[in-house]
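Have a look at the structure below before the remarks.
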Amino acid sequence: MAILLRIDSSSRLEGSFSRRLGDEVAKRLNADRTILRDLVTDPVPHIDAAAISAFFSAPSGNSENERVATALSDQLLGEIMAADDIIITTPMCIFRPIVTIHFGRT
Ligand SMILES: Cc1cc2nc3c(=O)[nH]c(=O)nc-3n(C[C@H](O)[C@H](O)[C@H](O)COP(=O)(O)O)c2cc1C
């Protein structure tokens, strides 16, 4: 079963060229299952201090706060690991991908 992870980032939910291109590529890949991560309708928050602390300690020693803080990160990594193909759509904005796509935010 082929799994596609698709990450969209254009603020334009209507009329977006990058989203339209993503639609075309997804159609050609014809995956059995698509995991859609829309960074505009469902933004990924910045890493906070509890998450950073948890990243540098053994999971067994994590506090409840640290476990909650890393849950989303674990979920996002799981989506990447599960995917056979990944489509990332992004507008160019001042010679680079738009800021919502920067993985420093995950
Ligand atoms: C503030 C701003 C900066 C942009 N900078 C670039 C750029 O550096 N290079 C480029 O090719 N296009 C640039 N564009 C054009 C966008 O990438 C283009 O409009 C694209 O279609 C936006 O993606 P979307 O249609 O998926 O929303 C810029 C657009 C805006 C509004």
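In our numbering, the protein residues as written are 1316 to 1421. Glycine included, C-beta positions come from ideal geometry on N, C-alpha and C.
In DSSP terms, what residue i is bridged to
i	result
Pro-1360	None; Pro-1360 has no bridge partner.
Ile-1318	Arg-1348
Asp-1353	Asp-1323
8 Å Cβ cutoff met for residue i and residue j
i	j	result
Arg-1352	Leu-1320	yes
Ile-1318	Arg-1348	yes
Ser-1324	Ile-1413	yes
Ala-1341	Ile-1402	yes
Glu-1381	Ala-1397	no
Cβ-based burial, residue i [other Cβ within 10 Å; buried from 16]
i	result
Ala-1373	exposed
Arg-1334	buried
Glu-1329	exposed
Ala-1366	buried
Ile-1395	exposed
Leu-1354	buried
Coil, strand or helix - residue i by DSSP
i	result
Phe-1371	coil
Thr-1404	strand
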